[in-house]
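For the sequence shown, my numbering gives the first residue as 5, with consecutive numbering after it. Beneath this line is the structure, given in structure tokens, with notes to follow.
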Amino acid sequence: MPIENLKSLSDAMFGIIGSNQVFLLAGHKRPDGDSMGAQAALAHILRDMGKTIVWHDLNACPPAYRFLPGIEADLARAKEPQPKPDATFLLDCSSTERVAPGFAPQGPTVCIDHHQTNQATTDVNIVDPAASSTGEMLYEILEARGLPLTEAVATCLYTSILTDTGSFRYSNTTGRVMAIAGRLIEAGADPAAIARACFENREPASLILEGAVLADLRYECAGRLVWSEIRLDRLAAHGGEASEPEDLVSKMRSARGVEVSILFKETPTGLRVSFRSKHVVDVAALAGRFEGGGHARAAGAELTGGYDDLRRQVLETARAFMAQ
Ligand SMILES: [Mn+2]
Numbered sequence: 005m006p007i008e009n010l011k012s013l014s015d016a017m018f019g020i021i022g023s024n025q026v027f028l029l030a031g032h033k034r035p036d037g038d039s040m041g042a043q044a045a046l047a048h049i050l051r052d053m054g055k056t057i058v059w060h061d062l063n064a065c066p067p068a069y070r071f072l073p074g075i076e077a078d079l080a081r082a083k084e085p086q087p088k089p090d091a092t093f094l095l096d097c098s099s100t101e102r103v104a105p106g107f108a109p110q111g112p113t114v115c116i117d118h119h120q121t122n123q124a125t126t127d128v129n130i131v132d133p134a135a136s137s138t139g140e141m142l143y144e145i146l147e148a149r150g151l152p153l154t155e156a157v158a159t160c161l162y163t164s165i166l167t168d169t170g171s172f173r174y175s176n177t178t179g180r181v182m183a184i185a186g187r188l189i190e191a192g193a194d195p196a197a198i199a200r201a202c203f204e205n206r207e208p209a210s211l212i213l214e215g216a217v218l219a220d221l222r223y224e225c226a227g228r229l230v231w232s233e234i235r236l237d238r239l240a241a242h243g244g245e246a247s248e249p250e251d252l253v254s255k256m257r258s259a260r261g262v263e264v265s266i267l268f269k270e271t272p273t274g275l276r277v278s279f280r281s282k283h284v285v286d287v288a289a290l291a292g293r294f295e296g297g298g299h300a301r302a303a304g305a306e307l308t309g310g311y312d313d314l315r316r317q318v319l320e321t322a323r324a325f326m327a328q
């Protein structure tokens, strides 16, 4: 792990753990496999140390990740009155503004994240843009600390790494990542069961929506840029939010010759846009033009205003990026 001061950061993190009892867990809004996996893993780690967990927004957990050990029980528990947290963990999240609404950090706050656009101003900020996932970072912290790797923690961390490496296909798939995945499997993570839960448990209507989005692909810039969109009426016609295909924008990048794919999702207040690039274009910088962020190959932004006007602005900026 390239974090030189990992030991002192980890000491500071465990200092906060040692001197507090109730921990608030938060990640970025619209959580993905890494965000959920890392939070669920940390929930087990803290509980195994006798601590209490309060999730900021567990109801936002997508159905695909409810198989993670402990999530269903915590969803049931979240309906009851919650104790007041006295410290906070922010995972896989580059700033407190990217957390779902209503987030109010309590007490000392620790951020563990791998986004290159991280701007967190927490008390302890552990950031490694070279890490494949927040799950990988948690593994390194556990190992350096000599903490046990339970089957539940291994399952959560494997899910983080599997999803954030695009099933071990992206450039963040290092030898170290594969070695860690091997250790997680030895500790009880079941790769086939986790892959089935993450990727083969979709809403049936979601595939029909995906077909409609793919039938509408528009290629530009001599086939190097491709984009499509999910308008609100189309989403409603195919089962609503629960059907929104996860990471369809990555599939859109798969055509030969495509460098950048863009998927626009209309929202009641404007749009969300997801960017992917295959090899060259830094889409985190592109998303940064719209106050978004992410990674060089995967980024996004959320904009407020008229849909058509926003879409036009984003496409114009993207075309200019392609010309650089
Ligand atoms: Mn991540």
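Where is the CB? At the ideal position from N, CA and C, for every residue including glycine.
Give me whichever residues DSSP pairs with residue i in a beta bridge.
| i | result |
| --- | --- |
| N129 | C115 |
| Y3 | Outside the displayed span of the chain (5 to 328) sits residue 3, for which this structure offers no information. |
| R329 | Since the first residue of the chain shown is 5 and the last is 328, residue 329 is not available in this structure. |
| F93 | L29, V114 |
| E233 | F268 |
| S281 | V264 |
| G243 | Paired residues: none, contrary to the question. |
| G297 | G304 |
Measuring only the C-alpha atoms, how far is residue i from residue j?
| i | j | result |
| --- | --- | --- |
| T169 | H299 | 12 Å |
| W59 | V262 | 39 Å |
| K88 | L29 | 12 Å |
| T273 | G310 | 8 Å |
| D36 | L161 | 13 Å |
| P52 | A135 | It is Asp, not Pro, that sits at residue 52 in the sequence shown. Their Cα atoms are separated by approximately 25 Å. |
| A108 | R102 | 12 Å |
| R280 | A82 | 35 Å |
| G292 | A302 | 12 Å |
| I266 | A226 | 15 Å |
| H118 | S23 | 26 Å |
| Q317 | A148 | 46 Å |
How is the beta strand (DSSP E) around residue i delimited, first residue to last?
| i | result |
| --- | --- |
| E306 | 302-308 |
| G74 | Taken as a continuous stretch (DSSP letters only), G74 belongs to no beta strand (DSSP E), as it is neither H nor E. |
| I1 | With the chain covering 5 to 328 only, the question about residue 1 has no answer from this structure. |
| V58 | 56-59 |
Please work out which residues of its chain come closer than 6 Å, Cβ to Cβ, to residue i, disregarding the five sequence neighbours upstream and downstream, and give them in chain order.
| i | result |
| --- | --- |
| L236 | E270 |
| K282 | R257, E263 |
| A199 | none |
Could you give the residue range of the alpha helix (DSSP H) that holds residue i?
| i | result |
| --- | --- |
| V181 | 179-190 |
| E214 | 208-219 |
| E224 | Careful: E224 lies outside any alpha helix (DSSP H), inside the beta strand (DSSP E) at 222-224. |
| Y311 | 311-327 |
Can you name, in chain order, every residue of its own chain whose Cβ lies under 7 Å from the Cβ of residue i, other than the five neighbours on each side?
| i | result |
| --- | --- |
| L275 | F268, K269, L307, Y311, L314, R315 |
| S258 | none |
| R70 | E76 |
| H32 | S39, D96, C97, R102, V103 |
In chain order, what residues of the same chain have a beta carbon less than 8 Å from the beta carbon of residue i, not counting five sequence neighbours either side?
| i | result |
| --- | --- |
| V128 | L13, A16, M17, I20, P112, T113, V114, C115 |
Does the region 34-48 come close enough to the region 14-21 that 3 or more CB-CB pairs lie under 8 Å? Contact between the region 14-21 and the region 34-48 is absent, because fewer than three Cβ pairs lie under 8 Å.
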